[in-house]
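The opening residue of the sequence shown carries number 1 in the UniProt record's numbering; numbering runs sequentially from there.
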Amino acid sequence: MRAGIADAVRLAGRDPGEITTVVVTKFHPASLIRELAALGVTDVGESRHQEAQGKAAELADLNLTWHFIGQIQGKKARQVRAYADVIHSLDRASLVGALEAVDADAPVRDCFIQVNLTDDPARGGALPGDVDTLAEQVLGTPGLCLLGLMAVAPREGEPRRAFAAVRDLSVRMQAVAPAATQLSIGMSQDYAAAVAEGATHLRIGTAITGIRPLHG
Ligand SMILES: *Cc1c(COP(=O)(O)O)cnc(C)c1O
1 MRAGIADAVR LAGRDPGEIT TVVVTKFHPA SLIRELAALG VTDVGESRHQ EAQGKAAELA
61 DLNLTWHFIG QIQGKKARQV RAYADVIHSL DRASLVGALE AVDADAPVRD CFIQVNLTDD
121 PARGGALPGD VDTLAEQVLG TPGLCLLGLM AVAPREGEPR RAFAAVRDLS VRMQAVAPAA
181 TQLSIGMSQD YAAAVAEGAT HLRIGTAITG IRPLHG
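Written out as structure tokens, the structure is:
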């Protein structure tokens, strides 16, 4: 996998140092994350709050960077902020308020605005037309640092075209949030297209961990 990413980076004429590979470990046991850490993995991604919270507590000694990539319920937002160093799934105005730092010692959390590239609201993400307003809101919120945009390519169609659309949205958003230049795009099946379109964060699950255990 490492070689595949390195090839995609070289092909795109990019610097490997610009790209963070987040290993998505949802549904896998904490013991697997411990093994990955021993192999040098530093960034892990989880999509279900209870599971992520438990693993982050159990593995606190590893000093991993925890990325939260799943949909966030408003009433759980404070708890997610407690352990998630990077939040990839900020997708609505009410969530920005819920993720605000309430006291002065609360850590600043990096975040991405997730944009929905489909017509299906159940897939999560803000409408492309709402991104700029949301970005302005994040910039005005204590305790949040806006890194950029996150998206999942739709099941249908060319991933590269979808990622190019995210890149265009990012350029537009930079008119209101000039520092928010990063892109969390690309998964096991489409990472090469994502690297070609400027990904700074790849979220790779099955290509590294193998098939996920069954879940209910
Ligand atoms: C599960 C998941 C991934 C990883 O998917 P793979 O196809 O296993 O690489 C990436 N992003 C999100 C939002 C996910 O839920």
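Here a beta-carbon is modelled for each residue, glycine too, at the ideal position from N, C-alpha and C.
Remember, it's a predicted structure, so these values are computed and weren't measured experimentally.
Self-check item: Bridge partner(s) assigned by DSSP for I69
Solution: Locating residue 69 in the sequence shown gives position 69, counting from the first residue. Answer by DSSP bridge pairing: none, since I69 is not bridged.
Quiz prompt | Three-pair Cβ contact test at 8 Å for the region 149-166 versus the region 111-123 | solution = The region 149-166, when compared against the region 111-123, does touch it at the 8 Å Cβ threshold.
Quiz item: Which of helix, strand or coil does DSSP assign to R34?
Solution: One-based indexing of the sequence shown puts residue 34 at position 34. Helix at R34.
Practice problem: Drop a sphere of 10 angstroms on the beta-carbon of I211, count the other beta-carbons inside from all chains shown, and report buried for 16 or more, exposed for fewer. | Solution: On the sequence shown, position 211 is the one that residue 211 refers to. I211 is classed as exposed because its beta carbon has fewer than 16 other beta carbons within 10 Å across all chains shown.
Quiz item: Which of the three DSSP states, helix, strand or coil, is assigned to H28?
Solution: The residue given as residue 28 occupies position 28 in the sequence shown. Here H28 sits in coil by DSSP.
Quiz item: Apart from the five residues on each side of it in sequence, which residues of its chain come closer than 8 Å, Cβ to Cβ, to E100?
Solution: Mapped onto the sequence shown, residue 100 falls at position 100. Within the same chain, T141, P142, G143, L144 come within 8 Å of E100 by CB-CB distance, once the 5 residues on both sides are set aside.
Quiz item: Bridge partners of L64, per DSSP?
Solution: Here residue 64 corresponds to residue number 64 of the sequence shown, with the count starting at 1. Under DSSP, no beta-bridge partner is assigned to L64.
Quiz item: So is A40 buried or exposed if we call it buried at 16+ other beta carbons inside 10 Å?
Solution: Within the sequence shown, the letter at position 40 stands for residue 40. Here residue 40 turns out to be Gly, not Ala, going by the sequence shown. Sixteen is the threshold: since fewer than 16 other Cβ atoms of the shown chains lie within 10 Å of the Cβ of G40, the residue is exposed.
Quiz item: In chain order, what residues of the same chain lie with their CB nearer than 7 Å to the CB of P154, ignoring the 5 residues before and after it?
Solution: Here residue 154 is taken as the residue at index 154 of the sequence shown, counted from 1. Excluding positions up to five away in sequence, the list reads L117, T118, A162.
Quiz prompt | M173: first and last residue of the uninterrupted alpha helix (DSSP H) it sits in | solution = Locating residue 173 in the sequence shown gives position 173, counting from the first residue. Element bounds for M173: 159-173.
Quiz prompt | Span separating the alpha-carbon of E46 from that of A56 | solution = One-based indexing of the sequence shown puts residue 46 at position 46. One-based indexing of the sequence shown puts residue 56 at position 56. E46 and A56: Cα-Cα distance of roughly 10 Å.
Quiz prompt | Spatial distance of G216 from H49 (CA atoms) | solution = Reading the sequence shown from its first residue, position 216 is the one you call residue 216. Reading the sequence shown from its first residue, position 49 is the one you call residue 49. Bear in mind that the predicted position of G216 carries a pLDDT of just 48, short of 50, making it unreliable; the figure below should be weighed with that in mind. One C-alpha to the other measures close to 15 Å.
Quiz prompt | Straight-line Cα distance separating A207 from V23 | solution = Here the question's residue 23 lines up with position 23 in the sequence shown. Here the question's residue 207 lines up with position 207 in the sequence shown. If you take the alpha carbons of V23 and A207, they lie about 9 Å apart.
Self-check item: Rounded straight-line distance, which links the Cα of D105 to that of D190
Solution: Against the sequence shown, residue 190 aligns to sequence position 190. Against the sequence shown, residue 105 aligns to sequence position 105. One alpha carbon belongs to D190, the other to D105, and they sit about 39 Å apart.
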